[in-house]
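Peer 1:
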Amino acid sequence: MLSYKRWIGAFLVLVLILTCFACGNIGMHQDETEENSDLIVVGFSQPGAESAWRVALTDSVKEAFTEEKGYKLIYKDGQSKQDNQIRDIRKFIQQGVDYIILCPIVETGWDTVLSEAKQAGIPVIICDRNVVVSNESLYTAFVGSDFKAEGEKAIARMEELYPESIEGEGPEVNILHIQGTLGSSAQLGRSHALEKALEEHTNWHILAQDCGEFTKAKSREIMKRFLEEVNIRDVDVIYCENDEEAFGAMAALNEAGLGYGKDTNLRIISFDATESALEFCMSGQIDLVVECNPLQGPYLYNIIEMLNDDKTVPKITYVDENYFTSENLSSEIIQRRKY
Ligand code: AHR
């Protein structure tokens, strides 16, 4: 038989256990409430983190969709593989997100997964690079860069640098071309502008071309190989399809003890206009940086807010973009740079 005191003790232990259970249940209930809260859920699929530019884009989107503003952002990094991005979008659909933001690694191959999102009634906003699909109703809107226009800015600069060579006459202009990820809008638009210029200016030539995958490491390797294949004295322009590739090319030239930029005949052209590239541009090592604006979060936020209010959104929104040479750059511009 238990004594009276032991009965009291056992009773208190029971009360304690029940209290713990109750607390646990309350905790679970609170978590569920959080899951079911009024936050608008946005799934955000990025192709990877290959450049400082892309990290700036990720940060811009994260800053735009915060809980304080009523959003829950689910960010997924595709590790540079389209299959991973497709898998991430399918997961967003299963989770029943309210919106999907997709930065597609390449333009094609999205029809099936975008049809699945459409069937599930989830609006998809394409961001940064574009998609080519059988039916444009598969996505709601595009926000990003006009890559052809970016390429045309680079060509306009080259025409300015070599005015006597643009009629198919005059001295030859020899180019090394380091391309971005093949099949991405950024590569296609920037390469297209150069290819078109080569058709128009028959004395412009590409001496060597390869894909640097928008990374410094790959482009450094490529540039090292180019230096074995071509006589660098014959080269006028290294056309790099982003800043990381320009940094890779510069690293290879530095290692080989070769000069470039101001006071030489070898000019580097780049795209993005990150703070580091602008510094190289101001000091004359890079001739031109065409801006590719990664601060797209506020644009996406406006589109989604309009959709929340059942407003019609523009199908295409191009972000504002400029270009820089040592002539229009200043330290103030570089200091104000957010990426
Ligand atoms: O799609 C935009 C391009 O992708 C940027 O030029 C590059 O830096 C990024 O990786």
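Straight run, no breaks: the sequence shown in the working numbering ends on number 1278. Note that beta-carbon positions come from the ideal geometry of N, C-alpha and C, so glycine has one too.
What three-state label does DSSP hand H1131 in the structure shown?
Peer 2: Working through the sequence shown from its first residue, we reach residue 1131 at position 192. Reduced to three states, the DSSP call for H1131 is helix.
Peer 1: Less than 8 angstroms between the C-beta atoms of G1281 and T1047, yes or no?
Peer 2: Because the chain is modelled from 940 through 1278, residue 1281 falls outside the range shown and cannot be assessed.
Peer 1: Near G1017, which residues of its chain fall below 8 angstroms by C-beta distance, leaving aside the five closest residues on each side in sequence?
Peer 2: In the sequence shown, residue 1017 corresponds to position 78, counting from 1. Cβ within range, chain order: S984, Q985, P986, G987, N1023, Q1024, D1027 and I1044.
Peer 1: Output the distance between the C-alpha atoms of Y1278 and A1147, rounded to the nearest integer angstrom.
Peer 2: Taking the first residue of the sequence shown as position 1, residue 1278 is located at position 339. Taking the first residue of the sequence shown as position 1, residue 1147 is located at position 208. Each residue's Cα considered, the two are about 31 angstroms apart.
Peer 1: Answer yes or no: the CB of C1231 versus the heavy atoms of the ligand AHR, is any distance below 7 angstroms?
Peer 2: By one-based count along the sequence shown, residue 1231 stands at place 292. C1231: yes, Cβ under 7 angstroms from the ligand AHR.
Peer 1: Which partner residues does C1066 have in the DSSP bridge list?
Peer 2: Along the sequence shown, one-based indexing puts residue 1066 at 127. According to DSSP, C1066 bridges with V1082.
Peer 1: Could you give the distance in angstroms between the alpha-carbon of I1117 and the alpha-carbon of I1225?
Peer 2: Within the sequence shown, numbered from 1, the residue matching residue 1117 stands at position 178. Within the sequence shown, numbered from 1, the residue matching residue 1225 stands at position 286. Those two C-alpha atoms are separated by around 15 angstroms.
Peer 1: With a 10 Å radius around its C-beta and 16 neighbouring C-beta atoms as the bar for buried, classify S1270 as buried or exposed.
Peer 2: Along the sequence shown, read from residue 1 onward, the residue named residue 1270 stands at position 331. Exposed.
Peer 1: Cutting at 7 angstroms between CB atoms, please list the residues of its own chain near I1161, excluding the five before and the five after it.
Peer 2: Within the sequence shown, the letter at position 222 stands for residue 1161. Within the same chain, I1161 has close Cβ partners I1117, D1149 and G1151.
Peer 1: Would you list, in sequence order, the uninterrupted alpha helix (DSSP H) runs of no fewer than 4 residues that lie entirely inside the segment 1195 to 1264?
Peer 2: The alpha helix (DSSP H) runs of length 4 or more contained entirely in the segment 1195 to 1264 are, from start to end of the chain, 1214 to 1221 and 1236 to 1247.
Peer 1: So V1063 packs on L1239, CB below 8 angstroms; how close in whole Å?
Peer 2: Looking up residue 1063 in the sequence shown gives position 124. Looking up residue 1239 in the sequence shown gives position 300. Wrong, their Cβ atoms sit about 12 angstroms apart, outside the cutoff.
Peer 1: Hey, which unbroken runs of the alpha helix (DSSP H) at 4 residues or more fall wholly within the segment 988 to 1038?
Peer 2: 991 to 1003 and 1021 to 1034
Peer 1: Distance check for A1156 and R1096, CA to CA, integer angstroms please.
Peer 2: Here residue 1096 is taken as the residue at index 157 of the sequence shown, counted from 1. Here residue 1156 is taken as the residue at index 217 of the sequence shown, counted from 1. So the alpha carbons of these two residues sit roughly 27 angstroms apart.
Peer 1: Within the present structure, is the beta-carbon of D1067 separated from the nearest heavy atom of the ligand AHR by less than 7 angstroms?
Peer 2: As a first step, residue 1067 must be located in the sequence shown, where it is residue number 128. Correct: D1067 has its Cβ closer than 7 angstroms to the ligand AHR.
Peer 1: Could you compute how far the alpha carbon of Y1199 sits from the alpha carbon of L1205?
Peer 2: As a first step, residue 1199 is located in the sequence shown; it is residue number 260 there, counting from the start. As a first step, residue 1205 is located in the sequence shown; it is residue number 266 there, counting from the start. The straight-line gap from Cα to Cα measures roughly 5 angstroms.
Peer 1: Are the beta-carbon atoms belonging to A1132 and I1171 less than 8 angstroms from one another?
Peer 2: Taking the sequence shown and counting its residues from 1, one reaches residue 1132 at position 193. Taking the sequence shown and counting its residues from 1, one reaches residue 1171 at position 232. At the C-beta level, A1132 and I1171 stay beyond 8 angstroms of one another.
Peer 1: Whole angstroms are fine: how far does the CA of E1194 sit from the CA of D1292?
Peer 2: In the structure as shown, the chain begins at 940 and stops at 1278. Residue 1292 is therefore absent and cannot be evaluated.
Peer 1: Determine the contact status of R1129 and F1210, defining contact as a CB-CB distance below 8 angstroms.
Peer 2: In the sequence shown, counting from the first residue as 1, residue 1129 sits at position 190. In the sequence shown, counting from the first residue as 1, residue 1210 sits at position 271. Yes, these two residues count as a Cβ contact at 8 angstroms.
Peer 1: Whole-angstrom Cβ separation of I1272 and L1197, contact assumed at under 8 angstroms?
Peer 2: On the sequence shown, position 333 is the one that residue 1272 refers to. On the sequence shown, position 258 is the one that residue 1197 refers to. Incorrect: roughly 29 angstroms between the Cβ atoms, too far for contact.
Peer 1: Thinking S1019 and C1231 are a contact (beta carbons under 8 angstroms), I'd like their distance in whole angstroms, please.
Peer 2: As a working note, residue 1019 is residue 80 in the sequence shown. As a working note, residue 1231 is residue 292 in the sequence shown. Not confirmed; about 18 angstroms, so no contact.
Peer 1: Is G1090 helix, strand or coil by DSSP?
Peer 2: Numbered from its first residue, the sequence shown carries residue 1090 at position 151. G1090: helix per DSSP, three-state reduction.
Peer 1: Alpha carbon to alpha carbon, what distance is there between V1252 and G1060?
Peer 2: The sequence position of residue 1060 within the sequence shown is 121, counting from 1. The sequence position of residue 1252 within the sequence shown is 313, counting from 1. Roughly 16 angstroms between the two C-alpha positions.
Peer 1: Are there 16 or more other CB atoms within 10 angstroms of the CB of D977, so buried, or fewer, so exposed?
Peer 2: If you number the sequence shown from 1, residue 977 lands on position 38. With fewer than 16 neighbouring CB atoms inside 10 Å of its own CB, D977 falls in the exposed class.
Peer 1: Just to confirm my understanding: we take R1159, look at its own chain, exclude 5 residues before and 5 after, and list those with CB closer than 6 angstroms. What are they?
Peer 2: The count along the sequence shown starts at 1 and reaches residue 1159 at position 220. Only G1187, A1190 and A1191 meet the Cβ criterion.
Peer 1: For A1125, verify whether its CB is less than 7 angstroms away from any heavy atom of the ligand AHR.
Peer 2: Here residue 1125 refers to the residue found at position 186 of the sequence shown. Because some heavy atom of the ligand AHR lies under 7 angstroms away, the Cβ of A1125 counts as near it: yes.
Peer 1: Are I1242 and A1136 touching if we call contact CB-CB under 8 angstroms?
Peer 2: Here residue 1242 corresponds to residue number 303 of the sequence shown, with the count starting at 1. Here residue 1136 corresponds to residue number 197 of the sequence shown, with the count starting at 1. Cβ atoms of I1242 and A1136: not closer than 8 angstroms.
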